[in-house]
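What follows is a set of notes on a single structure, which appears directly below.
In my numbering, the protein residues as written are 581 to 942.
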């Protein structure tokens with residue numbers, strides 16, 4: 581992605597920035613074709629980037645790798661998950677939550693035993709509250725990277741040469757990905773199966789990013805190819821092809837891989853072109869890309885401010901405040917203020933925090 585290290589880093593920050601914008605849009609533009617389009621690559625590109633930057637040499641120090649992922653992924657999940665569980669009953673009183681659209685049932689208050697059980701599930705990476713819907717990403721990235729790390733470690737120890745190790749790794753991940761696609765179509769009913777299905781699929785995408793790194797010299801970032809990728813994605817969206825990695829909706833396995841690859845290639849190419857300009861937009865996207873986790877974790881709560889505004893404009897009753905993630909009007913334009921607030925509010929807090937830290941250090 582360029583010859584210089586700075587360009588390389590900026591380009592991938594922009595890739596993540598474009599990815600997080602797609603994530604927020606996909607949650608803001610529900611019931612529109614834009615939702616379908618952005619789901620092709622919105623979270624997949626983050627797993628792709630994780631694979632691109634995965635260093636096989638990390639297998640020499642497993643404890644350091646695992647400790648780093650625990651700090652960056654598990655701890656935020658547990659700390660914020662615990663906070664939101666403790667506030668669950670308050671959220672019900674404030675009409676911020678009311679209905680579980682996944683389970684298709686009303687959300688009930690927690691009594692003490694249920695509260696303790698739920699906290700236990702949070703510590704096991706098995707539960708997040710409704711307003712933390714994107715938190716599945718932390719679980720998925722953690723488990724996907726752990727599985728990819730274990731496969732890499734095992735194949736490097738078992739194989740006599742690096743070439744054989746790579747073939748073993750690729751074959752193992754292909755097998756697990758195939759299992760994920762089969763179980764997604766024909767569930768076995770085994771408890772916790774959904775975790776394995778999503779983890780196996782995510783590990784496959786991580787490996788796609790690793791392969792892109794391995795064969796980078798043979799894969800030009802061509803604007804014409806990126807345009808063709810955009811056409812493919814738009815055609816798939818127009819045809820109603822739906823995938824949702826978080827919801828384990830994969831559709832046709834071949835089409836799933838094609839859409840993920842075309843989406844990632846399109847974003848990487850666009851980011852590389854933008855990074856080369858070095859203008860103000862590039863700097864803004866670079867900053868956004870370095871704070872994607874804050875936007876990922878806080879854009880759904882930020883949507884509540886827009887819901888309040890929409891309730892005032894449209895004279896909706898108070899119960900509409902519990903709509904998740906947005907008020908489902910199918911409007912062709914309400915997604916715009918949701919997206920703007922969902923990105924700028926968390927980013928604004930990050931900017932204030934960064935300035936505060938700099939002032940303290942002075």
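Glycine included, every Cβ here is placed at the ideal spot set by N, Cα and C.
Quantities reported herein were computed from a predicted structural model and do not represent experimental measurements.
(message) Check for me: the alpha helix (DSSP H) holding residue 783 runs from which residue to which?
(response) Within the chain shown, the letter at position 203 stands for residue 783. Element bounds for residue 783: 773-794.
(request) Write down the C-beta distance between residue 779 and residue 723 rounded to the nearest angstrom, noting that I regard them as a contact closer than 8 Å. (result) The count along the chain shown starts at 1 and reaches residue 779 at position 199. The count along the chain shown starts at 1 and reaches residue 723 at position 143. Residue 779 to residue 723, Cβ: 4 Å. Contact.
(request) May I ask you to report which of helix, strand or coil DSSP gives residue 686? (result) The residue you call residue 686 lines up with position 106 of the chain shown. DSSP places residue 686 in strand when its eight states are reduced to three.
(message) Given this structure, state the Cα-to-Cα distance separating residue 767 from residue 817, to the nearest angstrom.
(response) Within the chain shown, residue 767 is the residue found at index 187, counting from 1. Within the chain shown, residue 817 is the residue found at index 237, counting from 1. Approximately 26 Å between the Cα atoms of the pair.
(request) Using only alpha-carbon positions, find the residue among 656, 835, 609 and 591 that is nearest to residue 916. (result) As a working note, residue 916 is residue 336 in the chain shown. Here the closest residue by C-alpha is 609.
(message) So, under 8 Å CB-CB, residue 865 and residue 594 are touching, yes? Tell me the CB distance rounded to an integer number of Å.
(response) One-based indexing of the chain shown puts residue 865 at position 285. One-based indexing of the chain shown puts residue 594 at position 14. That belief holds up - the Cβ atoms of residue 865 and residue 594 are roughly 5 Å apart, short of 8 Å.
(message) Could you check whether the region 769-789 touches the region 826-839, counting it as contact only if at least three pairs of C-beta atoms, one from each stretch, sit closer than 8 Å?
(response) yes
(message) Within a Cβ cutoff of 6 Å, which residues of the same chain sit near residue 638, ignoring the five residues on either side of it in sequence?
(response) The sequence position of residue 638 within the chain shown is 58, counting from 1. Only 645 meet the Cβ criterion.
(request) Within its chain, find whatever has a CB closer than 6 Å to the CB of residue 918; leave out the 5 residues flanking it on each side and keep chain order. (result) Start at 1 with the first residue of the chain shown, and residue 918 comes out as number 338. Once the five neighbours on either side are set aside, the close Cβ partners of residue 918 are 608, 883, 886 and 906.
(message) Just to confirm the assignment, what range does the alpha helix (DSSP H) spanning residue 731 have?
(response) As a position in the chain shown, residue 731 is number 151, starting the count at 1. Taken as a continuous stretch (DSSP letters only), the alpha helix (DSSP H) holding residue 731 covers 716-738.
(request) Could you spell out the range, first to last residue, of the alpha helix (DSSP H) harbouring residue 711? (result) As a working note, residue 711 is residue 131 in the chain shown. Per DSSP, residue 711 belongs to no alpha helix (DSSP H) and is neither H nor E.
(message) Which residues does DSSP list as the beta-bridge partners of residue 620?
(response) The sequence position of residue 620 within the chain shown is 40, counting from 1. Answer by DSSP bridge pairing: none, since residue 620 is not bridged.
(message) Under DSSP, the alpha helix (DSSP H) around residue 749 begins and ends at which residues?
(response) If you number the chain shown from 1, residue 749 lands on position 169. Membership of residue 749 in the alpha helix (DSSP H) is indicated by the continuous run 742-765.
(request) Leaving out five residues on either side along the sequence, give the residues of the same chain with a beta carbon under 7 Å from the beta carbon of residue 793. (result) Here residue 793 refers to the residue found at position 213 of the chain shown. Contacts found: 632.
(request) Please confirm whether residue 647 and residue 847 have their CB atoms less than 8 Å apart. (result) Here residue 647 is taken as the residue at index 67 of the chain shown, counted from 1. Here residue 847 is taken as the residue at index 267 of the chain shown, counted from 1. The answer is no: Cβ separation not under 8 Å.
(request) Starting from residue 706, follow its DSSP beta bridges and name the residues at the other end. (result) The residue given as residue 706 occupies position 126 in the chain shown. Note: residue 706 sits in no beta bridge, so no partner.
(message) Does the region 702-716 come into contact with the region 725-739, if we say contact requires no fewer than three beta-carbon pairs (one atom in each stretch) closer than 8 Å?
(response) Contact fails: fewer than three Cβ-Cβ distances are below 8 Å.
(message) Tell me which residues share the same chain as residue 605 and place their Cβ nearer than 7 Å to its Cβ, disregarding the 5 neighbours each side in the sequence.
(response) Looking up residue 605 in the chain shown gives position 25. Scanning its chain for C-beta atoms nearer than 7 Å, with the 5 sequence neighbours on each side dropped, one finds around residue 605 the residues 614, 618, 915 and 919, in chain order.
(message) Nearest by alpha-carbon distance to residue 802: which of 878, 746, 845 and 721 is it?
(response) Position 222 of the chain shown, counted from the first residue, corresponds to residue 802. The shortest Cα separation from residue 802 among 878, 746, 845 and 721 belongs to 845.
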